[in-house]
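The sequence shown stops at residue 688 when you use full-length UniProt numbering, and every number in between is there.
Please read the structure below before turning to the comments.
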Amino acid sequence: TNTAVEAKYLVGVGRADCTGPVAQVPLMGYANPDQVGGGLLSRLYSRAFIVADPEGSKRVVFVSADIGMVSQRVRLEVLKQLRSKYGELYRQDNVILSGTHTHSGPGGYFQYTLFWVTSKGLVRPALSSIVNGIVKSIDIAHENMKKGRLFINRGTVENSQINRSPFSYLENPESERNRYSSNTDKEMVLLKIVDEDGHELGLISWFAVHPVSMNNSNHLVNSDNVGYASYLFEQEKNKGMLPGEGSFVAAFASSNLGDVSPNTRGPFCANTGESCDNPQSTCPVGGAAMCMAKGPGNDMFESTRIIGQNIYLKAKELYEKASQEVRGPLSSAHQWVNMSNVSVELNATHTVKTCKPALGHSFAAGTIDGVGAFNFTQGSVEGDPFWDQIRDQLLGEPSNETKACHKPKPILFNTGEMTWPHPWHPDIVDVQIAAIGSLAILAVPGEFTTMSGRRLREAVQREFDSHGTPGMNVVIAGLCNVYTHYITTYEEYQVQRYEAASTIYGPHTLSAYIQLYRGLAKAIALNATQELSHGPEPPLFNVTSVTLLPSLSAESAPATKTFGDVLGEVRQEYREREVAEVTFVGANPRNSAENVTEHNFLTVERYSNISSSWRVVLNDASWDTRFYWSKGPRGQSNVTVQWHIAAGTEPGVYRFRYFGHYKKRVSLFRVITVPFEGSSSAFRITTP
């Protein structure tokens, strides 16, 4: 690279653990209360990027965290901590917090009641790990600011997505569909970050795909396909480091993924094996509950790796070839908006409104990536009398106004009119754009479908063009700031599949967002962001913790054994592609999450004859290791550690170690937490 060019920005990158409790907390994403954590496949990280103007005070922060979505609670707590540390440097307008949308991270970090139903309430340790991890990643980026340069590139990712609601997509006007070659957005946009000497610092990739290669039968916390892509890129650039260590940071961020699945073989009936690619995603026997999409691999672990590898390989190619430099001023625009009451001017004579939030019947049906807990069929425009009655008792009949506003959606959960014990859904929503020179990042509060995202990007692009800043690279960052479910087009909304039933502010939600984001873009283009109204501040409810999680009580080991003792020993030797496994007397992993900020549960160590000592070669963040916890009777539990030995693993002598914490009763009123560890016997890996 030609480094003689003056560096235009100060840049900093940071990564920090945000995993939290890996046991007993429901995983966030499939809304399946039975899908609770039972161990760890890969750690979750927050990845932060700061770009600053070397001359002035302008800054932009972009964070992508390995979580289902950023909740309003997370955002408000992060901003509060940033304010106390940095004053007015990092604010609601110049900090974007985005979730990757993994469906295998702990839930319980929401303040709105609806999300308590499937997350067992507000789980303080889960919330704290996310908030503290995000803040720590920003701290690290802040402390490592240096002169740097940014390059942008874009390219097509193949064989990694399908549209999971193709019948809804077909409702969009034919003239519009004809402008696109696919019913998903295959484009990846990549930002490469180097210092002024050309040393590599990191990258951000935006690509629209659901991280649901791991399905709702999974109980191991992990970051799914996009997290695997981050892992591969960081392992390659941080040579010789353990996962989660090293200075290079690679974020694979979400975009308009609303109707995009990585399960590329499409939907099949689990019982008969026939296709269920029909408008209702339903099977002749077993209905919608049997209709599940298949990934490209033999199981969900393999599918995750295949899709993650595809995404990684495209990013690597775009990264290596990135030559278009990003230059120009930094700016950010933000407003809080009451989304349940926005007037949208469709044209000179026609004004429509958004609605109080509500979810339709098909919300409960789920999708081909994860069926609902009840058997509703997708695309339901008639209410089911049985569920309607439950709804009327449980949740009260929606007002005629709300019913009319949401038409043709049959309302299942009338969340916007439910306020006990707190509101069930947000009214106040963030809209935000950050511009880094020619790159405009639209931070959107939910999941835009493919066509919704196209309409939004195009409208914003036109707005920039018409106000004197042509040629902007407009990119959507998904799952930002507050979660408002899905945003479909008006046409997709009419057929009420899952995504439409989950468009909570009614049929004109997209039009309202387009109007709002155009306003932000205009303010940036005209350098008038100071004149934007702040809008109504979102509430921070006074809930410290409300949870149905079992309490952490004193634990015990089996007679004659102690914590960390081996119950099931390793074999003496293994070959590559086999699975080495050991079982220990264990303790609840939640103890560790609540005691240590960044706890590593396991290591795989190799014996070095030269130094006569053990060297750590893998930790619990490695995708080749799996950590399982299972609860037994009388305060006892087991931990099983696995190593799926990769091809090309160096032969030699290895062992496992396990690190935990158990609860010990020391008096009638006092239980303390005691750290312990265990080790397997040595085993040999032989040459194939």
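Every residue, glycine too, gets a C-beta built ideally from N, C-alpha and C.
Owing to the predicted nature of the structure, the values given are computational and were not obtained by experimental measurement.
Assignment of SER331 by DSSP, reduced to helix, strand and coil, places it in the strand class.
Look at PRO166 here: in three-state DSSP terms it is helix.
Burial check for PHE656: the Cβ neighbour count within 10 Å reaches 16 or more, so the residue is buried. Per DSSP, the beta-bridge partners of PHE268 are SER275 and MET292. Excluding sequence positions up to five before and after SER399, its CB lies within less than 7 angstroms of the CB of GLU417, all in the same chain and listed in chain order. Pairing GLU499 with SER217 gives a Cβ-Cβ distance that is not under 8 angstroms.
For GLU401, the enclosing alpha helix (DSSP H) starts and ends at 400 to 406.
According to the DSSP assignment, THR625 belongs to no alpha helix (DSSP H) but to the beta strand (DSSP E) extending over 625 to 631. Residues of the same chain with a CB within less than 8 angstroms of the CB of ARG59, apart from the 5 flanking positions on each side, are ILE50, VAL51, ALA52, ASP53, LEU89, TYR90, ASN94 and LEU330 in chain order.
At a cut-off of 3 residues, the continuous stretches assigned as beta strand (DSSP E) that sit fully inside the segment 110 to 160 are 146 to 156. Separation of the CB atoms of SER230 and ASN238 is rounded to 11 angstroms, and the pair is thereby denied contact status at 8 angstroms. Per DSSP, GLY37 is one residue of the beta strand (DSSP E) stretching across 36 to 40.
With contacts defined by Cβ atoms closer than 8 angstroms, ARG154 and VAL194 do not form a contacting pair. Closest by C-alpha distance to LEU203, out of SER175, VAL11 and ASN132, is VAL11.
As the crow flies, the alpha-carbon of VAL189 is around 31 angstroms from that of SER533.
Per DSSP, the unbroken alpha helix (DSSP H) holding MET300 starts and ends at 300 to 321. In the DSSP assignment, SER175 falls within the unbroken alpha helix (DSSP H) covering 174 to 177.
In the three-state DSSP reduction, GLY227 falls in the helix class (H, G or I). GLY453: member of the alpha helix (DSSP H) spanning 450 to 466, first to last residue. For LYS85, the three-state secondary structure derived from DSSP is helix. DSSP places GLY99 in the strand class (E or B) of the three-state scheme. Only residues of its own chain outside the window of five on either side were considered, and among them THR354, CYS355, LYS356, PRO357, GLY416, ASP427 and TYR505 have a CB closer than 7 angstroms to the CB of SER340, listed in chain order. Contact between VAL653 and TYR607 is confirmed by a C-beta separation of about 4 angstroms, below the 8 angstroms threshold. ARG684 and GLU650 have their C-alpha atoms roughly 10 angstroms apart.
For ALA525, the enclosing alpha helix (DSSP H) stretches over residues 509 to 525. In this structure, GLN496 sits away from GLU171, with a CB-CB distance that is not shorter than 8 angstroms. Under the DSSP definition of a beta bridge, CYS283 partners with GLY287. The DSSP assignment places complete beta strand (DSSP E) segments of no fewer than 3 residues inside the segment 566 to 617 at 566 to 568, 579 to 586 and 602 to 608, in order along the chain.
DSSP, read as helix, strand or coil, puts PHE659 in strand. In the structure shown, GLY437 falls within a coil segment according to DSSP collapsed to helix, strand and coil. Spatial neighbours of GLY383 in its own chain (CB-CB distance under 7 angstroms, excluding positions within 5 residues in sequence) are listed in chain order as HIS361 and PRO410. In the DSSP assignment, GLU491 falls within the alpha helix (DSSP H) that extends over 490 to 493. According to the DSSP assignment, ALA16 belongs to the beta strand (DSSP E) that extends over 9 to 17. For VAL326, the secondary structure class from DSSP, reduced to helix, strand or coil, is coil.
A Cβ-Cβ separation of about 6 angstroms places LEU456 in contact with PHE448 under the 8 angstroms criterion.
Around the beta-carbon of GLU581, 16 or more other beta-carbon atoms lie within 10 Å, marking it buried.
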